[in-house]
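Residue 30 in the UniProt record's numbering sits at position 30 of the sequence shown, and the numbers go up by one each step.
What follows is a short report on a single structure.
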Amino acid sequence: LVSQEEEFSIYFIDLDNFKNINDTLGHNTGDEVLRIAADRLTELYSDNIKVGRLGGDEFIIVKKGQNDINNIENLARNTLDLLNKPFQFSRYSFNLKASIGISNYPNHAKDVFTLLKYADISMYEGK
């Protein structure tokens, strides 16, 4: 994905209160929301940005290359704007809120597990 010398940022994304969707509308609806969220994320980003689902309602974005604070903020803002758009399918239409946390290699840590942990902590602090 990235070479060890290459700078990159990890964006840890959580769909807030997603459990309520599964509990009130069912797991099929929840699965559809996750599919739509994943489609939105993968359609938005270019080759130097990789998107994946960690599990549950958590996604990760890995952006290769140098990232100044403006680039980091813009990507985070665009991601949140994208996920905060109304979700419409079948007979349902509703809004979700997402939270995001960010960490950067090599500034915050030297290994991916610590970077994920820091991005996760950052995301929860932002909620």
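Beta carbons: idealized from backbone N, C-alpha and C, even for Gly.
Nearest-angstrom Cα distance between residue 32 and residue 59?
As a working note, residue 32 is residue 32 in the sequence shown. As a working note, residue 59 is residue 59 in the sequence shown. Approximately 15 Å between the Cα atoms of the pair.
Looking at C-beta atoms only, is the number of pairs between the stretch 44-53 and the stretch 90-99 that lie closer than 8 Å three or more?
no
Host alpha helix (DSSP H) of residue 30 (start-end)
Translated into the one-based positions of the sequence shown, residue 30 becomes position 30. Here the alpha helix (DSSP H) through residue 30 covers 27-44.
From which residue to which residue does the beta strand (DSSP E) around residue 54 run?
Stepping through the sequence shown from its first residue, residue 54 is reached at position 54. Taken as a continuous stretch (DSSP letters only), the beta strand (DSSP E) holding residue 54 covers 49-55.
Which of the three DSSP states, helix, strand or coil, is assigned to residue 64?
Position 64 of the sequence shown, counting from 1, holds the residue named residue 64. Strand, per DSSP.
To which residues of the same chain is residue 126 closer than 8 Å at the C-beta, ignoring the five residues directly before and after it?
Stepping through the sequence shown from its first residue, residue 126 is reached at position 126. Once the five neighbours on either side are set aside, the close Cβ partners of residue 126 are 99, 100 and 101.
In whole angstroms, give me the CA-to-CA distance for residue 80 and residue 62.
Here the question's residue 80 lines up with position 80 in the sequence shown. Here the question's residue 62 lines up with position 62 in the sequence shown. Cα to Cα, the separation comes out at about 15 Å.
CB of residue 13 within 8 Å of CB of residue 103, strictly
For the purposes of this step, residue 13 is taken as the residue at position 13 of the sequence shown. For the purposes of this step, residue 103 is taken as the residue at position 103 of the sequence shown. Result no, Cβ atoms of residue 13 and residue 103 do not sit closer than 8 Å.
When the Cα atoms are used, what is the spatial distance from residue 105 to residue 88?
Position 105 of the sequence shown holds residue 105. Position 88 of the sequence shown holds residue 88. Whole-angstrom Cα-Cα distance: 37 Å.
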